[in-house]
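Participant: Just so it is clear: in the sequence shown, position 226 is 367 by my numbering, and no numbers are missing. Glycine included, each C-beta is placed from N, C-alpha and C at the ideal position.
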Amino acid sequence: MTFPYVVRRGDTLHRVARRYGMNVTALYGANPHLKEHSYLYPGQVVHIPVRTTSRYVIQAGDTLWDLAQRFNISLAELQSANPNAEPRRLRIGQTIVLPVSKGLTIVETDAEYDYAELMDDVDRLLETYPFLEMTVIGQSVLGKDIPALRIGTGQREVHYNGAFHANEWITSLLLMKFIEDYAAAYAGRKPLRNRDMTVMYEQTSLWVVPMVNPDGVELVQQGLTSGHPYYEELLRWNYDSQQFSRWKANIRGVDLNDQFPAHWEAERDRREVMGPGPRDYAGPAPLSEPEAQAMEAFTRGRSFHLVMAFHTQGREIYWNYRGLEPPEAEEAARRLAKASGYRAVKLTGSDGGYKDWFIQEFGRLGFTIEAGIGINPLPIEQFPQMYDEAIGIMLEGLKL
Numbered sequence: 142m143t144f145p146y147v148v149r150r151g152d153t154l155h156r157v158a159r160r161y162g163m164n165v166t167a168l169y170g171a172n173p174h175l176k177e178h179s180y181l182y183p184g185q186v187v188h189i190p191v192r193t194t195s196r197y198v199i200q201a202g203d204t205l206w207d208l209a210q211r212f213n214i215s216l217a218e219l220q221s222a223n224p225n226a227e228p229r230r231l232r233i234g235q236t237i238v239l240p241v242s243k244g245l246t247i248v249e250t251d252a253e254y255d256y257a258e259l260m261d262d263v264d265r266l267l268e269t270y271p272f273l274e275m276t277v278i279g280q281s282v283l284g285k286d287i288p289a290l291r292i293g294t295g296q297r298e299v300h301y302n303g304a305f306h307a308n309e310w311i312t313s314l315l316l317m318k319f320i321e322d323y324a325a326a327y328a329g330r331k332p333l334r335n336r337d338m339t340v341m342y343e344q345t346s347l348w349v350v351p352m353v354n355p356d357g358v359e360l361v362q363q364g365l366t367s368g369h370p371y372y373e374e375l376l377r378w379n380y381d382s383q384q385f386s387r388w389k390a391n392i393r394g395v396d397l398n399d400q401f402p403a404h405w406e407a408e409r410d411r412r413e414v415m416g417p418g419p420r421d422y423a424g425p426a427p428l429s430e431p432e433a434q435a436m437e438a439f440t441r442g443r444s445f446h447l448v449m450a451f452h453t454q455g456r457e458i459y460w461n462y463r464g465l466e467p468p469e470a471e472e473a474a475r476r477l478a479k480a481s482g483y484r485a486v487k488l489t490g491s492d493g494g495y496k497d498w499f500i501q502e503f504g505r506l507g508f509t510i511e512a513g514i515g516i517n518p519l520p521i522e523q524f525p526q527m528y529d530e531a532i533g534i535m536l537e538g539l540k541l
């Protein structure tokens with residue numbers, strides 16, 4: 142049984158699913174034709190499955206806490222649906238209600254991840270885990286806040302970032318899922334992949350900027366509407382195509398990872414892209430774009446022991462820059478490779494990137510992580526394997 146929903150401007154499948162307390166898989170089940178299209182469009186009718194509660198018969202050894210964990214329901218929701226159930230005195234054979242629930246998981250990993258989902262998840266993470274901190278490091282071209290999340294209280298500071306490139310939005314999801322898993326492990330005093338996160342928390346402060354390029358990510362996932370402030374320019378820069386799934390740049394057609402003052406002119410000349418477009422335009426000057434300016438100022442304002450910029454794809458780790466990296470960089474890259482199954486690569490012929498600038502400016506550990514394999518944007522179906530590999534890198538980076 143379903144009911145109709147009329148798509149509004151700004152809707153995505155993930156957003157509609159979250160609004161009605163379900164995952165995207167359930168939406169696809171009721172709307173199989175949606176898999177054939179890149180974007181939802183205003184006025185389109187989507188069928189929403191009607192959800193119902195279910196029941197469970199108590200078995201020996203069951204507790205409400207265990208059932209909440211098993212069925213991905215919050216303990217408060219489970220208790221509210223069963224006011225007459227004694228949490229410490231459940232009876233074998235007793236029937237309880239399993240309510241429709243938003244679940245214990247905050248960061249959902251089965252659909253595209255947009256700026257709106259990111260900011261909603263940031264709010265929910267801060268509410269659930271009060272020890273997390275959030276600050277805004279700057280704004281995008283279109284005025285979107287660029288958030289940074291901090292977890293940990295140690296003097297040793299580490300920084301990870303994602304989605305410099307718009308069609309690499311899955312890196313934002315990797316980072317946000319890691320923040321949630323780290324926070325949940327610390328709050329529950331449980332290990333994460335056999336690591337004691339209490340020790341990590343006390344020794345290291347991790348700063349994460351999960352989405353450097355929110356305007357570009359929104360363009361990739363929602364497409365272009367006639368009311369967009371850069372409508373005519375974006376169409377021209379995209380060769381009159383309405384398909385923006387391969388777009389890497391920010392909303393002004395500048396590649397943000399070619400924006401940093403680390404032999405910027407060499408990168409500009411190597412690219413041979415002289416104007417705005419989907420990729421590889423280094424801009425009119427270093428740090429011309431507000432997103433790059435925000436990252437530069439944020440980095441200068443902290444004392445990071447190391448930084449990691451997460452990109453896709455290739456399952457590779459780049460660790461050097463023109464011989465300016467510290468002596469321990471190659472061994473550190475090997476440790477990251479061992480933790481993930483990725484390949485540590487000594488890269489040449491590349492300049493102007495965030496990692497390049499960090500190594501040049503501070504002489505400390507800087508890494509570009511190329512997660513996953515395939516053609517960007519990588520499919521969401523690849524996320525579980527990507528995360529299983531990338532979490533090893535993220536954990537290892539906390540103690541390098």
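Bridge partners of T143, per DSSP?
Facilitator: As a working mapping, residue 143 is identified with position 2 in the sequence shown. In the DSSP output, where bridge partners are listed per residue, T143 has P190.
Participant: Nearest to T250 by alpha carbon, out of A209, S346, M317?
Facilitator: Reading the sequence shown from its first residue, position 109 is the one you call residue 250. When only C-alpha atoms are compared, the closest one is M317.
Participant: Short of 8 Å in beta carbon distance, which residues of its chain neighbour Y422, apart from the five on each side in sequence? Order them along the chain.
Facilitator: Translated into positions along the sequence shown, residue 422 becomes position 281. Hits under 8 Å: A390, G394, V395, D396, D399, R412, V414, M415, G416.
Participant: Ignoring anything shorter than 3 residues or poking outside the stretch 267-315, list the beta strand (DSSP E) runs there in chain order.
Facilitator: Correct list: 274-280, 286-292, 297-303.
Participant: Using a Cβ-Cβ cutoff of less than 7 Å, which residues in the same chain neighbour N308 once the five nearest sequence positions on both sides are dropped?
Facilitator: By 1-based counting over the sequence shown, the position of residue 308 is 167. For N308, where only same-chain residues beyond five positions count, the Cβ hits under 7 Å are V361, S386, R387, W388, K389, N517, P518.
Participant: Measuring CB to CB, does I292 end up less than 8 Å from T269?
Facilitator: Sequence index remark: in the sequence shown, residue 292 carries index 151 (1-based). Sequence index remark: in the sequence shown, residue 269 carries index 128 (1-based). Contact: no.
Participant: Looking at T143 and A167, is the spacing between their C-beta atoms short of 8 Å?
Facilitator: Locating residue 167 in the sequence shown gives position 26, where the first residue counts as 1. Locating residue 143 in the sequence shown gives position 2, where the first residue counts as 1. No, the pair does not count as a contact, with Cβ atoms beyond the cut-off.
Participant: Taking just the CA atoms, how far does T153 sit from R505?
Facilitator: Against the sequence shown, residue 505 aligns to sequence position 364. Against the sequence shown, residue 153 aligns to sequence position 12. Cα to Cα, the separation comes out at about 40 Å.
Participant: Starting from F499 and walking both ways along the beta strand (DSSP E), at which residues does that stretch end?
Facilitator: As a working mapping, residue 499 is identified with position 358 in the sequence shown. No beta strand (DSSP E) contains F499, which is instead part of the alpha helix (DSSP H) from 495-503.
Participant: Against chain B, with Cβ distances strictly below 8 Å, would V299 count as a contact?
Facilitator: No chain B appears in the structure shown, which is made up of a single protein chain.
Participant: Runs of 4 residues minimum, wholly inside the stretch 340-387: which ones carry the alpha helix (DSSP H) assignment?
Facilitator: 355-363, 372-378
Participant: Look up A512 in the DSSP assignment and give the residues it is bridged to.
Facilitator: Translated into the one-based positions of the sequence shown, residue 512 becomes position 371. Paired residues: T453.
Participant: Should A201 go down as buried or exposed, given a rule of 16 or more other Cβ atoms within 10 Å for buried?
Facilitator: Numbered from its first residue, the sequence shown carries residue 201 at position 60. Exposed.
Participant: Taking the straight line between their C-alpha atoms, what separation do you get for N302 and F508?
Facilitator: The residue given as residue 302 occupies position 161 in the sequence shown. The residue given as residue 508 occupies position 367 in the sequence shown. So the two alpha carbons sit approximately 11 Å from each other.
Participant: Is the stretch 491-503 in contact with the stretch 458-474, if contact means three or more CB pairs nearer than 8 Å?
Facilitator: yes
Participant: Going by the DSSP bridge assignment, what does F445 pair with across the sheet?
Facilitator: Within the sequence shown, residue 445 is the residue found at index 304, counting from 1. Beta-bridge pairing links F445 to E298.
Participant: Is the number of C-beta pairs between the stretch 218-232 and the stretch 277-292 that are closer than 8 Å three or more?
Facilitator: Under the 8 Å Cβ criterion, the stretch 218-232 does not count as touching the stretch 277-292, having fewer than three qualifying pairs.
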